[in-house]
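Colleague: Chains as they are written, first to last, in this note's numbering: chain A, 1 to 423; chain B, 1 to 148; chain C, 1 to 641; chain D, 1 to 343; chain E, 1 to 116. Cβ atoms here follow ideal geometry from the backbone N, Cα and C, with glycine treated the same way.
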Amino acid sequence: MDFPFIKEALSQLFSKPSCQMYVPDKTKEGAPNYRGRIVFHPDKCINCMMCERVCSGNAITHVIEKTPEGDDKVTRTFYLGSCTFCATCMDFCGHGAIEFTRDYHMIATKEEDLMVSGTFIKKAPVKKAPAAKPAAPAPAAAPAPAEGGKVIKPRDDGKPVQVPSKCVYCTICAKKCPAGALEVDRANKTWKLDEDNCVGCGTCAEACPKKAILMPGDEPVTEAAPAAPAAAPAPKAEEKAAPAGAMISPREDGKPVQVPSKCVYCTICAKKCPAGALEVDRANKTWTLDEDNCVGCGTCAEACPKKAILMPGDEPVPADAPAAAPAPKAAAPAAPAPKKEEPAPAPKAEEKPAEPPKPVQPRDDGRPVQDPSKCIYCTICARKCPVGALEVDRTAKTWKLDEDVCIGCGNCYEVCPKKAILL
Amino acid sequence: MFKKLIEESTGKSPWLFHINAGSCNGCDIELVSVLTPRYDAERLGFKLAGSPRHADIVVVTGPITQQSLPRVLRSIEQVPDPKCIVTMGSCPQSGNVFRGSYSVAGPLSKYVHVDVDVAGCTPKPEAVIDGLYLATQILQEKRKGMKK
Amino acid sequence: MNFLNPQHFPIFAIMLYFLGAFLIVLFGKNRAARNCIAFLATGLALTLMILLVKPIMIDGGIIAYWMGSRVPAGGYAIGIALEVDALGLFFGLLIATAVFVSCLYSFSYMSEDDNEPQYYTLFLMLCGGVMGLVLSGDLFNMFIMVEILTFAAVALTAFRNRVTGALEAAFKYLVVGCIGSTCILAGTIILYQQAHTLNLAQLATIIPLCKGTNVSIAFALLFIGFCTKAFIVPFHPLAADAHGAAPAPVSVLISGVLTKSGIYGIIRLAYFLFQTMNLGTMQFWLVFLGSVSMFVCVTMALAQHDFKRLLAFHSISQIGYVLTAIGLATALGASAGLYHAMNHTLFKGLLFLTAGAVLHETGTTDLGKLGGLSKKMPHTTVLFLIGAASISGIPPFNGFASKWLIYQAAYEKAAETGNIGFAFVTIVALVTSTLTLASFVKVTQSVFFGQLPKECENAKEVSFGMRFAMGILAVLCTVTGLFPNLVQTYLTGPAAKTLFHVTRYINAMLGEGYAESAMGASAPEAATRTIEIVGVWNPVNWLALLMIALLAICIVAIASKYDAVRENKSEKVEAKYSLFYGGEDTVFSQVGGGDLFWGFKHNWRHYFSFMHDLHSGIVNDYSLWAVIALALAMVYALIVL
Amino acid sequence: MILDALKTLIYVLIFPGFLFCFLTGLLLAGIDRKLVARMQKRVGPPILQPFYDFFKLCGKQTIVPAAANKTVFLVAPLLGLAALVVLQLFIPVFQFQIPAFANVADLIVILYLLLIPAVSIILGGASTGSPYAGIGLSREMVTVLACELPLVLVLLSVGRSVGVAIGAKEGITFSLSTIVRYQLESGSLICKASLIPAAIAFLLVIPGETGNHPFDAAEAETEICEGMLAEYSGAPLGVYKLSHAIKMLTMTSLFVMLFFGGIGTGIGNLVALIGLTGGAAAAVTMLLDVLVLFVLCVIVTAVGISFVHAVTARLKIEQIFKYYWTVVSALALLSLVLVWYGL
Amino acid sequence: MITLNYIASFFLIVLGLYCIVMKYNLVKTVIGLSIMDYGVNLLIITIGYNPGGTAPIFTAGELQAASYFVDPIPQALTLTSIVIGACVTAMSLSLVMKLKEMYGTLDTREIRRLRG
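#1: Identify the continuous alpha helix (DSSP H) that holds residue 92/A and give its terminal residues.
#2: Between 25/D, 131/D and 213/D, which lies nearest to residue 297/D when the distance is taken from Cα to Cα?
#3: Name, going along the chain, the residues of the segment 389-410 of chain C whose beta-carbon falls closer than 9 Å to a beta-carbon of chain B.
#4: In chain D, which residues lie less than 7 Å from residue 45/B when you measure between Cβ atoms?
#5: Hey, could you find the ends of the beta strand (DSSP E) residue 424/A is sitting in?
#6: Under 8 Å: do the segment 314-327 of chain D and the segment 142-151 of chain D share three or more Cβ pairs, one atom per stretch?
#7: Relative to the alpha-carbon of residue 31/D, which residue among 331/D, 310/D, 312/D and 301/D has its alpha-carbon at the smallest distance?
#8: Among residues of its own chain, excluding the 5 on either side of residue 5/D, which ones have a beta-carbon nearer than 6 Å to its beta-carbon?
#9: Is residue 50/E buried or exposed, if buried means 16 or more other CB atoms sit within 10 Å of its CB?
#10: Taking 7 Å as the limit between beta carbons, can you name the residues of its chain near residue 110/E, skipping five residues before and five after?
#11: Taking residue 32/A as the query, report the chain B residues whose CB atoms sit under 8 Å from its CB, ordered along the chain.
#12: When you compare each of 292/D, 3/D and 241/D to residue 52/D by their alpha carbons, which one comes out closest?
#13: Please tell me whether residue 131/C and residue 45/C are closer than 8 Å, where the distance is taken between their beta carbons.
#14: I'd like the list of long-range same chain contacts for residue 32/E, defined as Cβ closer than 6 Å, with 5 residues on each side in sequence excluded.
#15: Using a Cβ-Cβ cutoff of less than 7 Å, which residues in the same chain neighbour residue 234/A once the five nearest sequence positions on both sides are dropped?
#16: Taking just the CA atoms, how far does residue 289/D sit from residue 91/D?
#17: Rounding to the nearest angstrom, what Cα-Cα distance links residue 219/A and residue 158/A in this structure?
#18: Is residue 25/E helix, strand or coil by DSSP?
#19: Going by the CB atoms, is the gap between residue 344/C and residue 679/C shorter than 8 Å?
#20: Under 7 Å between beta-carbons, which chain D residues line up against residue 145/B? List them in chain order, please.
#21: For a contact meaning CB atoms closer than 7 Å, what does residue 17/A contact in chain B?
#22: Could you check if residue 635/C is buried or exposed, using at least 16 other CB atoms within 10 Å of its CB as the buried criterion?
#23: Cβ closer than 8 Å: which chain A residues qualify as neighbours of residue 21/B?
#24: Which residues in chain C have a C-beta closer than 7 Å to the C-beta of residue 116/E? List them in chain order.
#25: Run through DSSP, which three-state label would residue 101/D get?
#26: Could you tell me the distance, in whole angstroms, from the CA atom of residue 142/B to the CA atom of residue 5/B?
#27: Using 8 Å as the threshold, is the C-beta distance between residue 228/D and residue 310/D below it?
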């Protein structure tokens with residue numbers, strides 16, 4: 001029979017009660033990121049209805065009326081009485097139209113006080129040729145047969161449209177689509193959009209490496225070159241040895257082709273290939289392409305430091321570049337093909353400033369050499385080397401280069417704070 | 001001569017009766033936390049009553065399940081006038097995430113006139129105190145309107 | 001030989017009963033004649049008793065009536081005498097009222113039973129026997145009357161032999177009753193052998209002088225004999241069985257009258273014949289027996305499931321009170337004891353009559369099967385509540401007045417003698433009174449309140465005759481409760497004083513100065529004992545104050561519309577007015593009988609299981625207890641006297 | 001005759017009677033609730049909260065359940081309240097004892113008068129017929145049973161010790177006024193060594209008798225929905241709550257009278273200093289005494305009821321019974337034995 | 001010689017009690033009762049015995065001072081006691097008959113519905 005709280009009871013009798021003395025007033029606010037009353041910014045909303053889809057308490061409803069000039073007048077209401085305040089809609093709303101304030105005074109005597117709503121006008125697309133306004137045709141099952149010179153316009157109901165000519169059916173858009181509304185079949189080259197599932201978020205357009213998907217708001221694209229017919233010709237035998245003769249021209253079935261003379265077998269292309277279709281063996285200098293795996297995305301061509309891979313659309317390159325180390329000494333390589341604006345990996349070392357001759361002679365085979373006098377063994381060059389060819393030991397003050405690993409990319413040269421490396 | 005005194009004290013000593021109609025106990029804990037030292041609703045006269053006969057304010061939590069519907073309605077019926085019905089959280093107000101399920105008998109307002117709803121999926125204790133305070137004012141109006 | 005001379009009233013009273021019994025046998029066939037004979041017999045006897053109050057109680061006279069006017073010759077009393085002093089009259093009055101009321105009650109209660117004439121003959125025989133016992137001045141005459149009342153009681157217990165246990169109870173009562181009677185006979189004979197006389201007064205002069213083994217054995221035998229009649233502890237299961245089975249008016253007689261006759265016998269024995277009450281050990285014996293029976297029987301009552309058995313155990317515990325009070329051997333103690341005896345007859349009679357009414361209406365007295373009768377039988381409920389309030393000592397009623405006096409007496413005795421034992425007696429008495437209240441709360445909840453079961457649906461109010469009888473007792477209960485000092489001065493005071501004036505008793509019987517001459521020095525002192533009360537209790541003032549306060553509160557309540565209540569108008573119970581079952585639909589769930597007082601029973605579970613096994617219900621066990629009690633009494637008497 | 005009838009009326013209705021009990025009782029209940037809250041670090045309701053509760057309940061609708069017996073249902077609370085108010089009359093306030101009520105009841109009678117409110121609650125509960133009430137009244141009865149033994153022991157030991165001290169012929173006195181008068185002369189009884197266990201025992205009995213927190217199994221609102229009061233609503237419920245508050249007042253003032261009897265007079269002489277004489281002095285003394293009584297009652301409530309309420313948890317009914325009949329009774333018995341053998 | 005009577009009556013009483021207490025048969029209990037009763041009757045008679053006294057029967061004329069009688073009062077008492085004994089036996093046997101009919105057995109251990 002023990003009484004645990006005697007001491008506390010007595011001491012508390014004379015101490016101040018721990019009470020917030022809360023008296024009902026509307027001004028008090030919740031904690032900093034408290035999810036209280038919802039505030040809806042109708043202007044930002046694009047009526048993608050993502051929020052409605054994810055709301056567990058299906059508290060969000062919307063009503064669409066047609067305005068006289070044909071636009072959609074959408075009023076979206078948030079019924080706080082059925083909301084669990086989990087803010088999933090806020091997370092899913094790509095455009096920040098939903099915001100949870102810190103006001104927790106949601107006392108209502110009638111139901112209307114709990115309705116938060118906002119209306120906005122959703123513009124119909126400005127110019128539309130009368131015929132061309134597809135009344136949300138049946139999903140474009142197969143890419144419209146590419147007749148020459150046809151103009152591909154973005155659709156007006158917010159759904160993506162495919163530019164068959166550019167599309168390489170790499171199925172990245174299908175994988176990225178959150179709503180799983182896209183089916184792309186690489187084998188028989190079909191691109192199918194599921195109208196009602198598609199939320200028009202635009203993720204596929206962004207992910208598409210070839211920019212073959214147009215979203216409302218992009219400029220229409222005219223089919224430049226006659227698109228390669230859907231049915232790809234029989235896969236070319238992978239040419240091992242460069243055809244004797246003067247020129248190596250890019251293949252027309254969209255697959256990369258190697259320029260053996262320029263290639264230094266640095267295996268970067270193999271590493272970068274998203275589909276893993278390339279095998280490059282440094283030892284016995286072989287470069288094999290796996291036809292059916294290759295998606296023709298062109299990533300290898302871009303990643304190749306030596307521009308030894310040609311993609312359709314590049315100019316043919318003379319096969320007989322000197323077999324020996326092609327890289328001209330300090331001269332920048334040929335200007336790269338016109339680049340898309342996609343973020344290219346760190347710009348290759350084009351702006352290599354000419355290095356005044358030092359007592360230490362830069363090597364001739366394009367690999368870096370260290371100037372011991374300036375080197376402070378800070379190991380940044382080792383760290384920056386993309387292929388890990390440098391070993392620098394601060395304490396033992398050693399700087400060792402692994403020739404066959406080094407690809408001569410020049411990173412170490414660039415990052416060396418003391419300019420102790422010469423290329 | 002007691003009339004004015006009675007009306008005034010009706011507002012000052014509201015007794016709560018808590019009915020859990022299938023709630024996830026989030027609101028139940030929050031309701032009881034209102035009586036803890038930190039928020040101390042007892043300073044405004046609130047007290048949990050044991051039986052509906054003693055209650056003035058009936059606090060309903062949870063989406064009225066089929067099983068609990070007749071019991072909830074019977075308990076509310078047994079509360080003497082003047083009485084107030086407060087629904088706490090979203091569940092009694094709309095069935096919240098459970099709406100449309102075979103076992104949920106829909107919002108309480110379908111069966112009984114709800115005086116005050118404290119929204120929020122587990123409303124903050126301060127919000128609960130606001131709601132109850134509003135309920136006591138409604139109680140006073142009801143008492144004025146009622147001839148003994 | 002004019003009949004209005006009070007001298008003849010005692011013999012008339014006794015004769016009236018036996019004459020009534022005899023006439024009923026003759027004319028018993030039609031009901032009206034039988035009822036009127038019985039009514040006349042009991043009514044006249046009661047009036048005679050009331051008439052006797054003035055000469056004996058107020059003027060303090062003693063009537064000595066020699067049968068056949070055989071006045072004692074040559075110092076030896078030959079004839080049989082009736083001696084009525086204040087004590088005898090007090091008990092006689094008590095018996096007459098109880099008998100009269102239960103006779104009124106049985107007119108309508110026994111109307112359905114088949115052989116009614118036999119019932120009334122036995123009934124009046126029993127009354128005659130008891131009246132004879134109480135008024136007679138001759139020891140063997142008392143034995144004869146004891147036998148008559150035992151037979152009548154046994155026969156009446158077995159009257160409704162269809163009732164389960166009636167025959168069994170009657171047989172057990174007969175066996176142990178006869179053991180008791182035989183002990184009384186043996187005791188009387190041994191006393192005769194010593195004093196060669198059977199007259200109480202003469203015995204009172206001879207017996208105290210000759211101290212010897214014979215006298216103490218006679219005392220033990222007589223004491224145990226009268227204990228069986230009074231159902232003191234070792235013999236209490238008899239009463240429990242007998243009441244359980246007997247019809248209600250008979251239980252009134254058994255508990256109200258028979259037990260009192262046993263107590264009367266013990267008083268005559270201890271105070272008059274052997275004059276041993278001034279011995280400390282003697283007082284201890286009586287007080288110990290009283291407290292044990294008080295406590296044991298009240299705890300047994302708490303564990304009962306049958307209404308009548310519960311009441312039976314209570315009557316024995318109240319007899320324990322009376323015995324304790326008388327055992328204190330102080331003037332206040334004796335008067336408190338007698339006062340409680342009277343009150344006990346009144347409220348116990350009332351309670352048994354209400355039990356009879358419940359049995360009459362619902363056909364069962366099992367506490368588990370009854371409930372909610374207050375709606376069907378409102379008058380019986382009110383009467384029951386008055387009875388229950390008075391037995392458990394709620395202030396305005398009579399139970400409280402007498403119990404309060406008993407506590408005073410016990411505690412004063414403790415204060416005088418400095419022996420803490422008597423203080424514990426007071427404490428046991430107080431706790432027993434609360435236990436009585438507890439068991440009557442149990443009965444109230446199980447029988448009259450709570451919910452009405454299906455079986456008792458068609459119960460309706462009992463006939464007016466029964467309610468009138470109960471009404472008389474209820475009024476008497478309240479009146480005696482409100483004026484304790486009146487009762488004190490006129491009834492119990494003189495009766496208590498006679499206990500200490502044995503010489504006046506002897507002289508009245510055998511002529512003046514006989515006692516002094518016969519007993520010389522050791523004549524019992526004739527000092528008059530005054531009764532003064534330490535505490536203060538003025539029920540009339542208290543009730544007046546209560547009424548004022550109640551009136552004031554009611555006026556305020558009515559003014560603020562206290563009774564503007566909302567109740568269920570339609571016959572189907574709306575949800576608003578149904579009971580709160582946590583929201584469930586109303587289900588029949590009567591809380592009563594065994595479910596109550598779990599806290600108390602759990603703490604005392606070993607005691608209760610032991611007591612339950614002790615009362616095994618086998619005749620042999622009860623007889624064994626009787627024999628053991630006899631042996632112990634003899635050993636104690638040999639040591640003490 | 002009419003004059004003293006009017007005086008009695010005033011005594012019953014105004015001063016020590018109904019109005020006085022109503023105000024001080026509810027005030028005491030308010031203080032008790034506030035203290036308990038403060039001990040739990042809460043702010044607690046305003047002191048006048050019981051008044052608000054009472055008048056709110058008066059304003060509410062009274063529902064008589066169909067299964068209830070209407071007359072008993074409505075009359076039982078009033079009866080309990082009236083009995084309690086009358087009981088309060090007999091408890092003297094230090095010297096002040098209304099002569100008319102001096103010889104109406106003594107200690108043992110007060111012990112029994114305390115039973116009437118308990119019986120009225122039990123009758124009220126039984127009349128509703130609800131099973132909760134059934135269980136409630138069984139527990140209430142066991143609690144009353146439990147409190148009876150120690151209460152008797154304490155009263156007997158006090159009566160005995162004062163009786164011996166003033167040399168009463170029978171060596172015992174039961175009248176409360178003599179006990180208080182004795183304490184006025186020779187100091188309050190709490191200082192007598194032999195009576196300290198009795199005082200402690202009485203202090204422990206107070207929460208049990210009034211049915212306060214640790215011993216309120218009978219009206220446990222969590223387990224059996226306020227036991228007997230489960231079916232009560234509106235004014236009858238208000239009256240029961242009022243009588244519960246007044247019972248707290250009665251028990252504490254009984255404790256003060258029995259054990260702190262002597263304190264009041266000190267204040268009394270103070271009045272003589274001020275120089276008031278005659279009727280005015282008596283009135284002022286009486287007022288001061290009443291004030292002292294109330295302050296002492298509050299202290300006793302604080303120690304006996306509020307502190308115990310804040311610190312302990314509700315006991316099961318059989319634990320209550322065992323607790324009272326072993327621990328508290330042993331204490332009281334100790335003091336009875338000490339008093340008996342002349343300490 | 002007279003002491004033999006006392007011993008006999010004592011023995012009879014004890015035998016009667018033994019029979020009531022130990023025997024589990026109703027009829028045997030009744031027999032025990034009557035034996036005990038006879039014991040007491042014997043006791044009453046022996047108490048009234050005056051050695052050498054004659055039977056107390058006489059007509060009015062014969063009473064002289066010299067006649068020496070046995071004490072007549074105990075004999076009167078014995079008469080009533082015998083009558084009472086007979087009544088007891090009669091009633092208990094009728095009860096036993098009814099009990100046998102109602103309970104179907106004479107064993108006292110079965111006849112215990114009222115207990116506790």
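Modeller: So, from the data block:
#1: What you label residue 92/A is simply residue 92 of the first sequence in a count that begins at 1. From DSSP, the alpha helix (DSSP H) with residue 92/A extends over 88-92.
#2: The sequence position of residue 297/D within the fourth sequence is 297, counting from 1. Per the Cα distances, 25/D.
#3: none
#4: Counting from one through the second sequence, the residue named residue 45/B turns up at place 45. Within chain D, the residues near residue 45/B are 45, 49 and 52.
#5: This structure cannot speak to residue 424/A, because chain A is shown only from 1 to 423.
#6: yes
#7: Position 31 of the fourth sequence, counted from the start, is the residue given in the question as residue 31/D. Taking only the C-alpha atoms, the option nearest residue 31/D is 301/D.
#8: In the fourth sequence, residue 5/D corresponds to position 5, counting from 1. Counting only Cβ-Cβ distances below 6 Å, and skipping sequence neighbours, we find nothing.
#9: Along the fifth sequence, one-based indexing puts residue 50/E at 50. Residue environment for residue 50/E: exposed (fewer than 16 other C-beta atoms within 10 angstroms of its C-beta).
#10: Position 110 of the fifth sequence, counted from the first residue, corresponds to residue 110/E. The answer, listed in chain order, is 103.
#11: Numbered from its first residue, the first sequence carries residue 32/A at position 32. The premise fails here: residue 32/A is roughly 14 Å from chain B at the closest Cβ pair, so nothing lies under 8 Å.
#12: Taking the fourth sequence and counting its residues from 1, one reaches residue 52/D at position 52. Nearest option by C-alpha distance: 241/D.
#13: Indexing the third sequence from 1 puts residue 131/C at position 131. Indexing the third sequence from 1 puts residue 45/C at position 45. Yes, these two residues count as a Cβ contact at 8 Å.
#14: Along the fifth sequence, one-based indexing puts residue 32/E at 32. Around residue 32/E: 16, 19 and 20.
#15: As a working note, residue 234/A is residue 234 in the first sequence. Confidence in residue 234/A is poor, its pLDDT being 42 and thus under 50, which makes the residue's placement unreliable; the coordinate value appears in the next sentence. Excluding sequence neighbours, residue 234/A sits near nothing in its chain.
#16: The residue you call residue 91/D lines up with position 91 of the fourth sequence. The residue you call residue 289/D lines up with position 289 of the fourth sequence. So the two alpha carbons sit approximately 13 Å from each other.
#17: Taking the first sequence and counting its residues from 1, the one referred to as residue 219/A is at position 219. Taking the first sequence and counting its residues from 1, the one referred to as residue 158/A is at position 158. If you take the alpha carbons of residue 219/A and residue 158/A, they lie about 14 Å apart.
#18: Stepping through the fifth sequence from its first residue, residue 25/E is reached at position 25. Strand at residue 25/E.
#19: Because chain C spans 1 through 641 in this model, residue 679/C falls outside it and cannot be assessed.
#20: Position 145 of the second sequence holds residue 145/B. Per Cβ cutoff of 7 Å: no residues; residue 145/B is ~12 Å from chain D at best.
#21: Numbered from its first residue, the first sequence carries residue 17/A at position 17. Within chain B, the residues near residue 17/A are 37.
#22: If you number the third sequence from 1, residue 635/C lands on position 635. Residue 635/C should be labelled exposed.
#23: Mapped onto the second sequence, residue 21/B falls at position 21. Near residue 21/B there are no residues of chain A at all, since even the closest Cβ is about 16 Å away, more than 8 Å.
#24: The sequence position of residue 116/E within the fifth sequence is 116, counting from 1. The contacting residues are 612 and 615.
#25: Numbered from its first residue, the fourth sequence carries residue 101/D at position 101. In this structure, residue 101/D counts as helix in the three-state DSSP scheme.
#26: Your numbering for residue 142/B matches position 142 in the second sequence. Your numbering for residue 5/B matches position 5 in the second sequence. Going from the Cα of residue 142/B to the Cα of residue 5/B covers about 15 Å.
#27: In the fourth sequence, the residue the question calls residue 228/D occupies position 228. In the fourth sequence, the residue the question calls residue 310/D occupies position 310. Between residue 228/D and residue 310/D, the C-beta spacing is not below 8 Å.
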